[in-house]
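There are 4 protein chains.
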Amino acid sequence: MSTSALKAKKLIELFSSIKPYSQILEEIKIDFDDINGVSKIPGPLSWNRESQTDRIRFLKEQTGVELPYLTGEKIMNDTESLKGNIEQYIGMTQVPTGVIGPLHIHGTLAQGDFYVPLATSEGALVASYNRGARATRLCGGVVSVCLTESVQRAPVFKFKSLSEEGIFLAWLLDKQEIFNDIVSKTSRYAELQDMKINMEGNTCVVIFEYTTGEAAGQNMVTFCTNEICKYILENTPVAPTYWFIESNYAGDKKATAVSFINVRGKKVTAEALIKKDVIKGVLHTTAKDIAQYWQTSSIAAVQSGSIGIQGHFANGLTALFLATGQDVACVSEAFVGITRMETVDDDDLYVSVTLPSLVVGTIGGGTGLPTQNECLQLLNCKGPYSARKFAEICGATVLAGELSIAAAMASGDFSDAHKIFGRKK
Amino acid sequence: MSTSALKAKKLIELFSSIKPYSQILEEIKIDFDDINGVSKIPGPLSWNRESQTDRIRFLKEQTGVELPYLTGEKIMNDTESLKGNIEQYIGMTQVPTGVIGPLHIHGTLAQGDFYVPLATSEGALVASYNRGARATRLCGGVVSVCLTESVQRAPVFKFKSLSEEGIFLAWLLDKQEIFNDIVSKTSRYAELQDMKINMEGNTCVVIFEYTTGEAAGQNMVTFCTNEICKYILENTPVAPTYWFIESNYAGDKKATAVSFINVRGKKVTAEALIKKDVIKGVLHTTAKDIAQYWQTSSIAAVQSGSIGIQGHFANGLTALFLATGQDVACVSEAFVGITRMETVDDDDLYVSVTLPSLVVGTIGGGTGLPTQNECLQLLNCKGPYSARKFAEICGATVLAGELSIAAAMASGDFSDAHKIFGRKK
Amino acid sequence: MSTSALKAKKLIELFSSIKPYSQILEEIKIDFDDINGVSKIPGPLSWNRESQTDRIRFLKEQTGVELPYLTGEKIMNDTESLKGNIEQYIGMTQVPTGVIGPLHIHGTLAQGDFYVPLATSEGALVASYNRGARATRLCGGVVSVCLTESVQRAPVFKFKSLSEEGIFLAWLLDKQEIFNDIVSKTSRYAELQDMKINMEGNTCVVIFEYTTGEAAGQNMVTFCTNEICKYILENTPVAPTYWFIESNYAGDKKATAVSFINVRGKKVTAEALIKKDVIKGVLHTTAKDIAQYWQTSSIAAVQSGSIGIQGHFANGLTALFLATGQDVACVSEAFVGITRMETVDDDDLYVSVTLPSLVVGTIGGGTGLPTQNECLQLLNCKGPYSARKFAEICGATVLAGELSIAAAMASGDFSDAHKIFGRKK
Amino acid sequence: MSTSALKAKKLIELFSSIKPYSQILEEIKIDFDDINGVSKIPGPLSWNRESQTDRIRFLKEQTGVELPYLTGEKIMNDTESLKGNIEQYIGMTQVPTGVIGPLHIHGTLAQGDFYVPLATSEGALVASYNRGARATRLCGGVVSVCLTESVQRAPVFKFKSLSEEGIFLAWLLDKQEIFNDIVSKTSRYAELQDMKINMEGNTCVVIFEYTTGEAAGQNMVTFCTNEICKYILENTPVAPTYWFIESNYAGDKKATAVSFINVRGKKVTAEALIKKDVIKGVLHTTAKDIAQYWQTSSIAAVQSGSIGIQGHFANGLTALFLATGQDVACVSEAFVGITRMETVDDDDLYVSVTLPSLVVGTIGGGTGLPTQNECLQLLNCKGPYSARKFAEICGATVLAGELSIAAAMASGDFSDAHKIFGRKK
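Chains as they are written, first to last, in the numbering used here: chain Y, 7 to 431; chain C, 7 to 431; chain S, 7 to 431; chain H, 7 to 431.
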């Protein structure tokens, strides 16, 4: 069965578990009292010590998870555990962390209510994402689906001429089974999915695409590709004049059209249908005005030469990546995507977000550090399939943020909100 | 005197203080013993408690700065100070922080030796940037210059037709003095530099460009533009059918061609000349191989559809932004730029980096938080002109990282370095 | 008076002559018989000899212009006149040419009815553009405005180091008056509008922006910039290590973000309001379906990584450029832009197109060749201001084509139309 | 055997016929007298009638092809043959046409000497491409290879929600054999190669990739996709709320990242090695200066936000497309690509060009028109495999043009060349 056929099968499995939105809407009933409320979380929008204590207790009740490192009750003493995370260590940078939710998600793996931790020093960010989460929850929640996944490593080989390159490629192209073997011997988690070629003159980039289990996987794919390249160099019928393990094509730590068009890490798409009354009660505007804003701002984004069209993916993703020990520098890849907002039946609002390049994981990197580990437990993102689950939470969180900022722009609240939450006094 | 003439004057002032690289090279003498050393900082590449204590003492000696919050000696008790930074507060995310240096910088404002704090959970990152810093220091340091600055807010106005839009623009275009007045009444720090127009059918984006003192300034320009828009709406001869305070053109939290081509925040360019012996001794390769790598990888980056060409700006910037309380989500803007590496006289290597969109500041946002404030003091980045100084430190840090990764790729060390530093055992 | 102030003044003048669309709509009355017609031009959609003769007679009546070279009645004998157009001449490539119209335009310079010649070998193209032209004419025509103009030449200078580059730029930046003098001595038509700088490490691109009278002007700006560079090299306080007259930044023969964001050649925006009955009668669909198509296809265009969003600017522009002796290779610049379609009052359709990079002229290049000259006369595009007039005709033509193709997609006619017109039998 | 395996096999076949460049260099011997010559074609660089006659005779001798329509000796009388090419016909636009060559090509299909017709009104263009062709021929010629091919049509389907979309895709993904059948019944030439999906919220673009025999194939893929869509709509388990036959994702008449990264039409890469003496004698500069120019201008192209990096692909392609009856509007796709120039052994120059999106054909469209047909015969591009052969000629022609313009920039001849050839007197 070919790769594309297998991908088809996966898609079927993925989608079979998702409720149609019409059913979601039938099941929920908007609670108009709730619309006028602020937050299910105690001490809404506050930062003081008392409300913090209430929230910690509330989260314990809701999720069973305690957060002693995050609150400062417990302190990490053993710096030995920092091996693999830092060199020339001088201490711990401390970043204020808030929580939003519950974010209600219908995913293939993320299902139910989630309290999402966000680490940031930017006032109004948590308030805004929380508002978006409320609006979606009142309308039955967010459908969020991890569509596909792949982490790339892309070595480059240069030859004397096209002719030598042709001989090399002819030899290379039927070696995928050998490479699969090499990968399985190098890593327990990595699987080679595909090998692609991009030729330019006497030089070719070879793109190896992997899945990497529950790890983000950048190191894993480096080690595997390194072993593959050793095999190539020992066996190639024609030696390259130059070769490098990464051609700068794989999209590591940068936004690229390749990652945007295909996938890097995980590709997630999420949607929600926001009802008229919730738009009015929670977001203080109308579907028509939000849609008008989004259409106008989409054109302006295109005029500015952005990759994709979105509002502020980076805000929510940075805060969530930071709290959960992701490689935060990957925000430079993950911030790219597409947000779409349009009216449905005149008065309701359809919102979707698509995030094609989420390089995230639930083991490895910073995920095992004390506060980060607690935050992943708060999201119940540990163990098998938890990386894809986490990606679906990312999608739903981002949708909440896009909805809230577009509403703030449409209603004219944007400047005032930042006056209230973004200033010291 | 027109804006462009004033910009010219500024450039002259900026550049008059910079030493020519030939003079820098005359003054330094490469110390071959030092090449074989590892780091001036005690306990090189280590993460254990003892070496941490040595390093803290060393930094105190070198800079006079103590880091009690970072080391955990002191703990923030007063959550009231978190107002403006967070809502629904649950605790502090803690991120391991290392230090590199000294990074020797010849800037217009950043001058001398700097010990740069980097907060990250990615093993090998600090080691790699430290290696790059060493290589540049042994060759006399990095020249790093903040070339220009501007933060944008870009409202959009939509009209019934082109004709109404024409009347509006004709009215708008000579109001800049009135807008200057409004800005000076709204903010002590913001100054309106320019107003630009981008028309599309019956819709026009109006781009207001500000300087914002020592603050990153995103809120400041929102408040000022909000006041300007109030004036516009009260006085315009023709009312827009729609208007929004931000058209999504300004480039906030996204990479755009506009920010890349012009500037967003601060534009910095930095350069260094790395001598043959240092390339061999510290970087274990040759100028020719690094240049060959960079040329090959530049083409591959273009093939991947990246904006600009660079290696991993995001790694260093995320770590430095995080340690110093910047808006880390702005890495989605700042990671874009150009790195260039080429041989000089066959055996030496010229390296330059250009970062056109550094939205950074030394007051406001997270810069006053305990550990972040300490890290800014470590860099002596407080007070007048410190934001531009900080931007020049960003440029030099990024250059160190680009040099080190390119050398790792050229020498074939990349995979091994991540095996040593990027794994738990 | 500064450059931006002058640009403001120009905008005022440009727009003062344009009728508001509401007035246009008041003045026209849709003729329902006409909706069911096909074309005002005799022998609608036909290619045979008889209908050709009728059309030539009709065009003579309407415009006073005869087309003897185009019809083959007259033949160019004197190849001497080909000097400056071709080398190693072997003959004349002959391209079938049709006509659409009348295209009714409300521009700052293009005003009234135009019969637009289109040279192409692609069946259905003329039929489609003609249909779009009809639809707009029945609704009062197209408003098309040339907003601004500028042709660039962008030399690059490289120095030993940033320091030398700073000295050079400090010297360069107040030389604009001297450069103005040089330009006025080099060309009767060119005027230097602005000089911009883009720095990267020790290298700077200097962008000279010109207006070039009625010529497209690429050679003119080369000659002028060459003279400026001679002055620079003779007088600079510090010699560049390298310099080249064109850095490949100016956007000649390529789509660039710079040209898209600013302007290259002429920037035109055009709009029309298409009424419900015309959409139904002429385009066989509804405003809602066209708007839905356009919204959906805009997102897909963004997903594909296009610069801007448009349907097929290149079709109309290539055919019009070819017929009128433009530099057809400039379609690689001109095809970029933005099309927007949205419903107005539910049932009508607003359409706008924006073309930021029309490098066009009415003298020089191929504009004086026999058939090309005739076609420019057919459009009455000769003499002062005719280049901007021609640009406005380009805008209106492109709008007609965008409307027609979007309607074909929305109605499902697209495939059938190409079966009828695009096949030999 | 899977698609990617088949592609591998194709690559092997393609490359097995190409001579290594080292062998090419061994076989040729640079003739120093020839370096000082100008052109093998009679009447070099001239446009007068006498030299035209000599050239026509020469081409007849060399290729056996006569060009009576091009020279005007014969005139097309039967406008009936214009069916499928034009509507509302008014006559023939006439474009001056020159010839360059011989261009010596080592391709998989294009092998030997070619005299390439170029239709243009831009002085210096033919002279420049001819110079580049000479330089390559003196060094053994150009290796030019068609690497892969694919023409896309990309319908879009929109659903009520992600859930419905999932059901649709699960159904769709194993229908490729049925679609193959439909295609084979709809067209004798089209073959469905692949089907890809790009999802965004409740909307998915389905990309059908075809080969289209010797035709450019845009209409062919429309008709086939239309039949496939009919099947889909009749059989889908869930009806889309909207669908359109082209989502604007396929890249028709626009430069896109998708086409640049993958392929649209044909992807060609070509290379040549230019020897020191030829660079000096024919191009009046050195390898080092050309390489320096190209490196500098590559960075500037990136700074300008171009897709890919090239000099003026559009000039040669427009002229060649025009002369041979291609869809000239496709220059808006074809102009994108990568040019690379670097020194080899210090004094020689390696040049490569890569053109990923050549939508070209040798039947259909304008290829059967009188002058266009003659020009295709001049290139011996008729019959099986001639479309790929033609694509390889495009690659070699473009390489000649890139080499010549870069040399003109490096030597400082650029402005003077346009003074001599680009002006009427």
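Glycine included, each C-beta is placed from N, C-alpha and C at the ideal position. The structure presented is a predicted model; accordingly, all values stated were derived computationally and were not measured.
{"Query": "Terminal residues of the beta strand (DSSP E) in which H:Gly104 lies", "Result": "Tyr95 to Gly113"}
{"Query": "Distance, Y:Thr291 Cα to Y:Met415 Cα", "Result": "10 Å"}
{"Query": "S:Leu179 (DSSP reduced to helix, strand or coil)", "Result": "coil"}
{"Query": "Top-ranked residue by Cα proximity to C:Asn232, from C:Ser253, C:Pro390 and C:Gly90", "Result": "C:Ser253"}
{"Query": "Simplified DSSP assignment, three categories, for C:Gly118", "Result": "strand"}
{"Query": "Where C:Gln301 meets chain H, residues with beta-carbon distance less than 8 Å", "Result": "Gln301 and Glu348"}
{"Query": "Beta carbon of Y:Phe427 nearer than 7 Å to that of Y:Gly129", "Result": "yes"}
{"Query": "Sequence-distant residues of its chain with Cβ nearer than 8 Å to Y:Asp333 (five each side left out)", "Result": "Ala222, Gln224, Phe327, Val365, Gly371 and Gly372"}
{"Query": "Cβ-based burial, S:Ser190 [other Cβ within 10 Å; buried from 16]", "Result": "exposed"}
{"Query": "Whole-number beta carbon distance between C:Val357 and C:Gly343, since they are thought to touch under 8 Å", "Result": "With a Cβ gap of about 13 Å, C:Gly343 and C:Val357 do not count as contacting."}
{"Query": "Neighbour flag for Y:Ile399 against chain S, beta carbons, 7 Å", "Result": "no"}
{"Query": "Residue-level contact to chain S via CB, H:Ser10, 7 Å cutoff", "Result": "Residue placement at H:Ser10 is flagged as unreliable, the pLDDT there being 46, under the threshold of 50; the coordinate-derived value follows with that caveat. H:Ser10 does not count as touching chain S."}
{"Query": "Whole-angstrom distance between S:Gly107 and S:Asp119, CA atom to CA atom", "Result": "8 Å"}
{"Query": "Where H:Ala222 sits in the DSSP three-state scheme", "Result": "coil"}
{"Query": "Status (buried if at least 16 other CB within 10 Å, exposed otherwise) for Y:Ala245", "Result": "exposed"}
{"Query": "Meets three-Cβ-pair contact criterion under 8 Å: the segment 378 to 389 of chain S and the segment 73 to 92 of chain S", "Result": "yes"}
{"Query": "Residues that H:Gln309 contacts on chain C, provided the C-beta gap is smaller than 9 Å", "Result": "Phe266, Ile267, Gly314, Ile344 and Thr360"}
{"Query": "CB contact below 7 Å: S:Ala2 versus chain Y", "Result": "Beyond the ends of chain S as shown, which are 7 and 431, falls residue 2 of chain S; an answer cannot be given."}
{"Query": "Three-state secondary structure assigned by DSSP to C:Leu198", "Result": "strand"}
{"Query": "Spatially closest choice to S:Gln199 from S:Glu183, S:Asn208, S:Trp249 and S:Glu206, by CA coordinates", "Result": "S:Glu183"}
{"Query": "Euclidean distance between Cα positions of Y:Ser10 and H:Val227", "Result": "With a pLDDT of only 46 at Y:Ser10, under 50, the local geometry of the prediction cannot be trusted, and no value is derived from it."}
{"Query": "Straight-line gap, Y:Ile369 to Y:Tyr391 (C-alpha atoms, nearest Å)", "Result": "11 Å"}
{"Query": "Integer Cβ distance of Y:Ile251 from Y:Leu144, believed to fall under 8 Å", "Result": "Their Cβ separation, rounded to whole angstroms, is 50 Å, which puts Y:Ile251 and Y:Leu144 out of contact at 8 Å."}
{"Query": "Which listed residue (Y:Asp180, Y:Lys164 and Y:Ala141) has its alpha carbon closest to that of Y:Glu206", "Result": "Y:Lys164"}
{"Query": "Cβ neighbour criterion (16 or more within 10 Å) applied to Y:Arg194", "Result": "exposed"}
{"Query": "Given H:Gly271 as reference, the closest of H:Gln298, H:Asn204, H:Leu179 and H:Ser156 once Cα atoms are compared", "Result": "H:Ser156"}
{"Query": "Beta carbon proximity, Y:Tyr27 to chain H, threshold 7 Å", "Result": "yes"}
{"Query": "7 Å Cβ cutoff, S:Met7 in contact with chain C", "Result": "Low per-residue confidence applies at S:Met7: pLDDT is 40, beneath 50, and the placement is therefore not dependable, though the value from the model is reported in the following sentence. So, not an interface residue."}
{"Query": "Rounded C-alpha distance that separates C:Thr142 from C:Leu124", "Result": "18 Å"}
{"Query": "Residue environment, S:Ile285, which counts as buried when at least 16 other CB atoms sit within 10 Å", "Result": "buried"}
{"Query": "Cβ-based burial, Y:Leu239 [other Cβ within 10 Å; buried from 16]", "Result": "exposed"}
{"Query": "Chain Y residues whose Cβ lies nearer than 7 Å to that of H:Gly207", "Result": "Thr275, Glu277, Arg346, Ser358 and Thr360"}
{"Query": "CB contact below 7 Å: Y:Ala263 versus chain S", "Result": "yes"}
{"Query": "Y:His110 vs Y:Lys25 beta-carbon contact at 7 Å", "Result": "no"}
{"Query": "Where the alpha helix (DSSP H) containing Y:Lys294 begins and where it ends", "Result": "Ala293 to Gln309"}
{"Query": "is_contact[C:Leu153, chain S] using C-beta, thresh 7 Å", "Result": "yes"}
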